[in-house]
Amino acid sequence: MKIDKSKPIWRQIVQEIKERISRGDIEKNVPTVRALAEELGVNPNTVARAYREMEREGIVESWVGKGTWVKKKSRDKLKEKMVEEIVEKFVENLTSMGLSKKEIKKLVRKIDDKN
Amino acid sequence: MIKIKNLVKRYGDVYAINNINLDIEDGSFVGLVGPNGSGKTTLLKLIFGYCRPTLGEIKIDGSSPGIDLKSTTAFYPEYDSTYHWMKAQDLIDWYSGFFSDWNKEKEKNLIGFFNLPTHRYVAHLSKGLRAKLKLVLTLSRDAKTFLLDEPLSGIDPASRANITSGILKAYREGQTFIFSTHIVTDAEMLFERTIFMKEGNVVIDGESDALREKYGKSMDQIFKEDLYG
Chain C
0 MKIDKSKPIW
10 RQIVQEIKER
20 ISRGDIEKNV
30 PTVRALAEEL
40 GVNPNTVARA
50 YREMEREGIV
60 ESWVGKGTWV
70 KKKSRDKLKE
80 KMVEEIVEKF
90 VENLTSMGLS
100 KKEIKKLVRK
110 IDDKN
Chain B
0 MIKIKNLVKR
10 YGDVYAINNI
20 NLDIEDGSFV
30 GLVGPNGSGK
40 TTLLKLIFGY
50 CRPTLGEIKI
60 DGSSPGIDLK
70 STTAFYPEYD
80 STYHWMKAQD
90 LIDWYSGFFS
100 DWNKEKEKNL
110 IGFFNLPTHR
120 YVAHLSKGLR
130 AKLKLVLTLS
140 RDAKTFLLDE
150 PLSGIDPASR
160 ANITSGILKA
170 YREGQTFIFS
180 THIVTDAEML
190 FERTIFMKEG
200 NVVIDGESDA
210 LREKYGKSMD
220 QIFKEDLYG
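Structural data, given as structure tokens:
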């Protein structure tokens, strides 16, 4: 993970963990605060803040002494959201190049045919 | 909790510290950032009790810096505080005897992490290795407060990450760290809070991530572009 030091670090950690969950790199147990802090070279309190935010969003659960783990449906939900975001971005990019929705749909169908 | 009120330190006609007010919560990891001569070292010395304020006061958990607080506070000086005629391990063993909070396991871990050849004479160690030896002397304690004065000064860029990782490894929840530096980029991710100093004053002080949000810049960019550029 490459950290951009000009943006809040805890937000980037939230994003990174969400990506790891949706890719399936993290299945159940989220790394301990200390392990991730040492991996990324950041203050453990910054990692703890990111975990608290993910807990607030209902993505992970944690229990004192037992660590932090991913909630059951989080992966599917995160994946769905991430796919939506990619599609939105894709459509946005093509529309800004002057393509209509109809043309975009046509293009996507063409991909399907090739495969 | 460290409480600093209306602190002034004057040397002759020079104000090294010019009316500073600060509260530092227990368990916070603070970066004290500023160019040479901005008052960082003087502030750390005042907190440790190496020198006394001209005006104002410092209270650590309600008491003034002094002999009692030295048993719970660890200081990393910028100058070479080692004895060159000793072997590194002998120096560590001798030094550890002064502290009831010495943690032998931390000592071993840090020596291993820094790859410190402790069988050698201190005189035969490079400047970088001597800095690491000084860090072993400072960080092997289970102190409550750690005052690190320029631990990156004189360290080549390639070794700085090893130093900051070692400090991060030694840091325990609940301990207060104040880390002074004019080399910001290699250390800023350790700082929960960053205090910028200029000419004896605190000019910017905030939670590092909140400052990143506010300025859209890294602590290093604020240091170079906004304050001293």
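From first to last, the protein sequence lines are chains C and B. Numbering that gives the first Met the number 0 puts the first residue of the first sequence at 0, with every later residue one more than the last. Numbering that gives the first Met the number 0 puts the first residue of the second sequence at 0, with every later residue one more than the last. Glycine included, every Cβ here is placed at the ideal spot set by N, Cα and C. Here the structure is a predicted model, which means the values were calculated and not measured.
Shorter than 8 Å from the beta carbon of residue i to some beta carbon of chain B?
| i | result |
| --- | --- |
| residue 37 of chain C | yes |
| residue 64 of chain C | no |
| residue 97 of chain C | no |
| residue 28 of chain C | no |
| residue 41 of chain C | yes |
| residue 92 of chain C | no |
| residue 45 of chain C | yes |
Judging by CA-CA distance, which residue of the options is the nearest neighbour of residue i?
| i | options | result |
| --- | --- | --- |
| residue 120 of chain C | C:40, C:88 and C:67 | The requested residue 120 of chain C does not occur in the structure, where chain C is confined to residues 0 to 114. |
| residue 80 of chain C | C:35, C:58 and C:0 | C:58 |
| residue 141 of chain B | B:153, B:82, B:61 and B:74 | B:74 |
| residue 80 of chain B | B:90, B:71 and B:72 | B:90 |
| residue 172 of chain B | B:12, B:26 and B:77 | B:26 |
| residue 76 of chain B | B:129, B:206 and B:169 | B:129 |
| residue 232 of chain B | B:9, B:20 and B:71 | Lying outside 0 to 228, the shown extent of chain B, residue 232 of chain B is not represented and no answer is given. |
| residue 204 of chain B | B:30, B:64, B:69 and B:182 | B:30 |
| residue 107 of chain B | B:87, B:3 and B:123 | B:87 |
| residue 47 of chain B | B:185, B:68, B:38 and B:191 | B:68 |
| residue 163 of chain B | C:108, C:94, C:96 and C:39 | C:39 |
| residue 3 of chain B | B:101, B:110, B:42 and B:37 | B:42 |
Taking Cβ positions only, does residue i come closer than 8 Å to chain C?
| i | result |
| --- | --- |
| residue 208 of chain B | yes |
| residue 47 of chain B | no |
| residue 239 of chain B | Given a span of 0 to 228 for chain B in the structure shown, any question on residue 239 of chain B remains unanswerable. |
| residue 28 of chain B | yes |
Tell me whether residue i is buried or exposed, calling it buried when 16 or more other Cβ atoms sit within 10 Å of its Cβ.
| i | result |
| --- | --- |
| residue 103 of chain B | exposed |
| residue 13 of chain B | exposed |
| residue 34 of chain B | exposed |
| residue 207 of chain B | buried |
| residue 50 of chain C | buried |
| residue 152 of chain B | exposed |
| residue 63 of chain C | exposed |
| residue 233 of chain B | With chain B running from 0 to 228 in the structure shown, residue 233 of chain B is simply not present. |
Original post:
Using 8 Å as the threshold, is the stretch 84-92 of chain C in touch with the stretch 35-45 of chain C, meaning 3 or more CB pairs across them?
Top reply: Short answer: they don't touch.
Original post:
Taking any Cβ of chain C, which residues in the stretch 149-178 of chain B have a Cβ under 8 Å from it, in chain order?
Top reply: The stretch 149-178 of chain B vs chain C, Cβ under 8 Å: 160, 163, 164, 167, 168, 170 and 172.
Original post:
In the stretch 183-195 of chain B, which residues sit with their C-beta less than 9 Å from some C-beta in chain C, listed in chain order?
Top reply: Contact residues of the stretch 183-195 of chain B toward chain C are 184, 187, 188, 189, 190 and 191 (C-beta to C-beta distance below 9 Å).
Original post:
the stretch 212-223 of chain B: which residues have C-beta closer than 9 Å to a C-beta of chain C, in chain order?
Top reply: Under the 9 Å Cβ criterion, the stretch 212-223 of chain B contributes 212, 214, 215, 216, 217, 218, 219 and 220.
Original post:
Which residues, in chain order, does the stretch 3-24 of chain C contribute to contact with chain E at a C-beta distance below 9 Å?
Top reply: In the displayed structure, chain E is absent; the protein chains listed are C and B.
Subject >> At least three beta-carbon pairs within less than 8 Å, the stretch 49-63 of chain B to the stretch 207-222 of chain B >> reply: Touching, no.
Original post:
Do the stretch 42-55 of chain B and the stretch 4-23 of chain B touch if we need at least three Cβ pairs shorter than 8 Å?
Top reply: Between the stretch 42-55 of chain B and the stretch 4-23 of chain B, the count of C-beta pairs closer than 8 Å reaches three or more; the two stretches touch.
Original post:
Is there contact here, the stretch 177-196 of chain B with the stretch 142-161 of chain B, by at least three beta-carbon pairs under 8 Å?
Top reply: Taking 8 Å as the limit for Cβ pairs, the verdict is that the stretch 142-161 of chain B does touch the stretch 177-196 of chain B.
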